[in-house]
Amino acid sequence: MDEIESNRHAWGTLAENHYRHYKKRIEDGGNRLNVHIRNELGDLSGKRVAHLQCNVGFDTLALADTAAWVTGVDLAPENVRCATKLAADFGYGNVDFVEADVCDLPASLNGAYDVAFTSEGVLGWLPDLGPWARSVRSLLADGGFLYVFDSHPFYLAFDEAKLGRGEYDLAYPYFGKEPDVDDCIGGYASDVKRGVKAYFWMHTVSDLINALVGAGLRIDAFNEFPENFFDSSGLRLSPEKGLYELPGNADRFPMTFSLRATAEPA
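In terms of my numbering, the sequence shown is residues 52 to 317.
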């Protein structure tokens, strides 16, 4: 699929900058997982974790602090290379990294994991959640679980730059199926890279839930939060939470959500 190859290239252009940014974050001892993930994920001791769309492995290493083993999976070979380097920099011996499309994972990973984890800017890069959900189920041993933390699709329908100015502009169709196409990528942990094509898809809440149920996962929890995981314009960092807050949005609308689902026996 041309869009996937284009996204692979686009993310690859950010890898070295992301590596340097996140290496410094680890050296500085900042929050590694946000407060909602920390509160909800549970004890990973003794568990094997698959971290899907792992980027350069920053959160992979945070998971590896307590898990028995973590496998990071990413589409871009540059991300996998930088993630491997980041793990070596800090002496992690209980991680490995696999270059793969999360909608088409190697059969060697089937049933090997107790937990599948994915977070903070992931689902919109996938054109169809059906194949992704089936891949997640294939990874998990019976009784294992998926944990997702990502942008709420209701928030994604707004022009995020205007939210910081108190303007509520529904700029993108919530039920839209055509991808949004940008000619640049980056900006949160890298300078903006131009001359690429980055494709991003909208997925409704029902798209996500139905895909997972259809793949044989039971939804255990779905939670919504007013904070964001990046500064989309005019947000304020809460260091304690590891998240950004929009002034005046304590109770108005969700910016992020979490989901937990259990792999039921076939």
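No residue lacks a Cβ here, since even glycine has one placed at the ideal position from N, Cα and C. As the structure is a computational prediction, the values presented were derived from the model and not from experiment.
Min CB distance residue i to chain D below 8 Å
i: W176; result: Protein chain content of the structure displayed is limited to a single chain, and chain D is not contained in it.
Residue i, DSSP secondary structure in three states
i: T255; result: coil
i: G265; result: helix
i: T64; result: coil
i: D110; result: helix
i: E275; result: strand
i: T135; result: helix
i: A322; result: As shown, the chain starts at 52 and ends at 317. That puts residue 322 outside it, with no answer to give.
Nearest-angstrom Cα separation, counted from residue j out to residue i
i: E278; j: L288; result: 10 Å
i: F226; j: A139; result: 43 Å
i: L190; j: D302; result: 37 Å
i: E291; j: S186; result: 34 Å
i: G246; j: H60; result: 11 Å
i: N145; j: V100; result: 11 Å
i: D147; j: G175; result: 25 Å
i: A192; j: N161; result: 8 Å
i: L297; j: W120; result: 36 Å
i: P230; j: W183; result: 17 Å
i: A115; j: V264; result: 28 Å
i: S202; j: A317; result: 30 Å
i: R188; j: E211; result: 33 Å
Cβ-Cβ distance between residue i and residue j below 8 Å
i: T117; j: L95; result: yes
i: F256; j: P204; result: Checking the displayed sequence, the identity of residue 256 turns out to be Val instead of Phe. Result yes, Cβ atoms of V256 and P204 sit closer than 8 Å.
i: A314; j: L259; result: no
i: S309; j: H69; result: no
Residue(s) in a DSSP beta bridge with residue i
i: Y250; result: V232
i: R245; result: C235
i: F31; result: With the chain represented from 52 up to 317, any question about residue 31 goes unanswered, as that position is not in the structure.
i: R287; result: E296
i: D125; result: E150
i: I55; result: Partner(s): none; I55 has no beta bridge.
i: I270; result: A312
- What are the uninterrupted segments assigned as alpha helix (DSSP H) that are 4 or more residues long and contained completely in the segment 139 to 222, given in chain order? 180 to 190, 204 to 207 and 211 to 214
- Query: What residue ranges within the segment 76 to 108 form continuous beta strand (DSSP E) runs of no fewer than 3 residues, ordered along the chain?
  - Reply: 99 to 103
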